[in-house]
Amino acid sequence: MCTTCGCSGERPDDSPGFVLDLRGKGAAAAPPPPSNLEREEKSRRILLEQAILDKNRRIAERNRGWFANQSVAAINLLSAPGSGKTTLLERTVRQRGDALGIRVIEGDQATSLDADRIAAAGAQVLQVNTGTGCHLDAEMIERALAELRPARSSCLFIENVGNLVCPALFDLGERRRVVIAAVTEGEDKPLKYPHMFRGCDLVLLNKIDLLPYVPFDVRRFESHLRTVNPHARMLPLSALNGDGMDAWYGWLEREQTGS
Amino acid sequence: MHELGVVMAIIDTVVERCEGARVNRVVLQVGKLSAVQPDALRFCFDLATEGSLVEGASLDIVEVPGSGRCRTCATVLALDQPYAQCRCGGSDIEWLSGDELRIVEIEVQ
């Protein structure tokens with residue numbers, strides 16, 4: 003089950019990456035829970051006023067500072083499973099890998115299949131497996147950076163776990179968020195997953211080579227996107243046949259030079 | 119979704135701040151636009167607190183309604199979802215409230 007969503011209802015006590023084990027956090031000395039009467043008699047309040055995701059935010063800010071210091075253009079790449087993130091990255095690495103100094107952090111629940119594809123395309127890549135977790139968080143990226151050590155002024159893609167819900171909530175310290183949607187998905191995706199589309203800077207509408215075969219109205223999709231996010235740019239492209247990729251490369255080059 | 123991860127972050131913070139005492143009550147503020155469902159939080163909370171100093175604590179969730187200001191005409195709108203269209207036709211809305219995701223206070227023994 004996904005230990006973050008808790009979607010299947012099972013106890014995730016045997017998950018490899020994210021284990022629900024609170025031992026060592028006060029559990030060993032914990033007496034049995036008190037009765038309601040005992041609670042009322044003895045309790046005292048401690049004001050916290052703390053953001054729940056504060057720890058992730060702090061690490062994300064540290065990552066952002068490191069990226070800025072090293073002039074690394076960090077791009078968080080997000081989409082539903084199967085929208086074409088890895089295919090887009092493969093083509094981008096093959097055509098611009100050297101010019102942009104592309105490095106990749108691959109986030110998947112399991113396997114190194116995507117990292118193998120990126121390595122075969124010619125980029126330095128690190129696979130991060132989240133086990134049953136359904137998103138990358140800032141701490142995972144901090145650890146990955148220590149291992150991958152992206153060169154100064156490189157372009158770092160962080161391919162998030164394929165999921166349009168959970169990753170929206172977790173800042174990684176990236177400079178830009180790019181969401182990929184495919185014309186084989188519904189036109190209403192921005193309305194159905196508003197948090198994801200609201201927080202992005204650029205939407206790549208992929209698989210436009212399939213437009214003659216699927217009932218997908220690009221203008222309708224763009225109108226839904228504008229409802230949720232009036233500022234995001236949208237670039238239609240096909241990572242398979244290369245249509246529209248030059249505009250994507252232009253956007254990346256501008257990001258890398260900071261203009 | 120993702121509420122179990124959020125609950126784990128809550129437990130980490132509460133255990134850090136409870137001064138080693140058993141926790142009776144945790145009070146949260148959860149905004150309507152925060153992408154977190156209170157019911158799912160409650161479900162995960164009972165499961166995830168087992169065996170910790172937070173086990174058996176009650177979880178009080180104060181839900182905060184969403185509101186925003188239209189950046190085109192400055193009208194203030196109630197928001198039930200993360201987007202809206204203003205009467206002026208604008209959809210560029212600055213959120214004023216509703217994205218809260220905070221631990222307000224805890225009660226310990």
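Line order of the protein sequences matches chains A and B. Sequential numbering of the first sequence, starting at 3, is according to the numbering used here. Sequential numbering of the second sequence, starting at 119, is according to the numbering used here. Every residue, glycine too, gets a C-beta built ideally from N, C-alpha and C.
Determine the DSSP secondary structure at residue i, reduced to helix, strand or coil.
i: V222/B; result: strand
i: R56/A; result: In the sequence as displayed, the identity of residue 56/A is Asp instead of Arg. Reduced to three states, the DSSP call for D56/A is helix.
i: V220/A; result: helix
i: Q258/A; result: helix
i: C162/B; result: helix
i: V74/A; result: coil
i: N65/A; result: helix
i: A192/B; result: coil
i: R205/B; result: coil
i: S215/B; result: strand
i: D203/A; result: coil
i: W253/A; result: helix
i: R235/A; result: strand
i: S81/A; result: strand
i: D110/A; result: strand
i: D15/A; result: Model confidence at D15/A stands at a pLDDT of 39, short of 50, so the residue's coordinates are unreliable and nothing is read from them.
i: G8/A; result: Here G8/A scores only 46 on pLDDT, less than 50, and its place in the model is too uncertain to base an answer on.
Between which two residues does the beta strand (DSSP E) harbouring residue i extend?
i: V127/A; result: Q126 to N131
i: I128/B; result: I128/B -> not in any beta strand (DSSP E); alpha helix (DSSP H) instead, spanning E121 to R135.
i: E92/A; result: Run containing E92/A: none in the beta strand (DSSP E); it sits in the alpha helix (DSSP H), K87 to L102.
i: R179/A; result: R178 to A184
With distances taken between CB atoms, is the gap from residue i to residue j smaller than 7 angstroms?
i: A140/A; j: L174/A; result: yes
i: A123/A; j: E92/A; result: yes
i: P200/B; j: L151/B; result: yes
i: A202/B; j: S185/B; result: no
i: L239/A; j: W250/A; result: yes
i: G108/A; j: V127/A; result: According to the sequence shown, residue 108/A is Glu rather than Gly. Result yes, Cβ atoms of E108/A and V127/A sit closer than 7 angstroms.
i: E137/B; j: L50/A; result: no
i: V226/B; j: D178/B; result: no
i: E189/A; j: R222/A; result: yes
i: T186/A; j: V163/A; result: no
i: L214/B; j: R187/B; result: yes
i: Q52/A; j: I221/B; result: yes
i: H197/A; j: A153/B; result: yes
i: V205/A; j: P152/A; result: no
i: V180/B; j: Q147/B; result: yes
i: E212/B; j: G149/B; result: no
i: A183/A; j: K191/A; result: yes
i: D110/A; j: D116/A; result: yes
i: C319/A; j: H120/B; result: An answer regarding residue 319/A cannot be provided, because it is not within the stretch 3 to 261 covered by chain A.
i: N65/A; j: E149/A; result: no
i: A62/A; j: F69/A; result: no
i: N131/A; j: A146/A; result: no
Can you tell me where the alpha helix (DSSP H) holding residue i begins and where it ends?
i: S242/A; result: A small correction: the amino acid at residue 242/A is Leu; Ser does not occupy that position in the sequence shown. Note, L242/A: premise wrong, no alpha helix (DSSP H); not H, not E.
i: L193/A; result: K191 to K194
(request) Determine, using beta-carbon pairs with one atom in the region 133-141 of chain B and one in the region 167-175 of chain B, whether at least three such pairs fall under 8 angstroms. (result) yes
(request) Identify every run of the beta strand (DSSP E) within the region 113-175 of chain A, keeping only runs that are complete inside it and at least 3 residues long; order them along the chain. (result) 126-131 and 157-161
(message) Using 8 angstroms as the cut-off, can you tell me whether the region 79-91 of chain A makes contact with the region 208-218 of chain A, which would need three or more C-beta pairs spanning the two stretches below that distance?
(response) yes
(message) With a threshold of 8 angstroms, are at least 3 pairs of Cβ atoms found where one atom belongs to the region 135-149 of chain A and the other to the region 230-238 of chain A?
(response) no
(message) At 3 residues or longer, what runs of the beta strand (DSSP E) sit wholly inside the region 136-190 of chain B?
(response) 141-149, 176-182 and 184-188
(request) Give a yes or no on contact between the region 73-81 of chain A and the region 179-198 of chain A, applying the rule of three or more CB pairs nearer than 8 angstroms. (result) yes
(message) For the structure I just gave you, are there three or more beta carbon pairs, one from the region 97-106 of chain A and one from the region 149-167 of chain A, closer than 8 angstroms?
(response) yes
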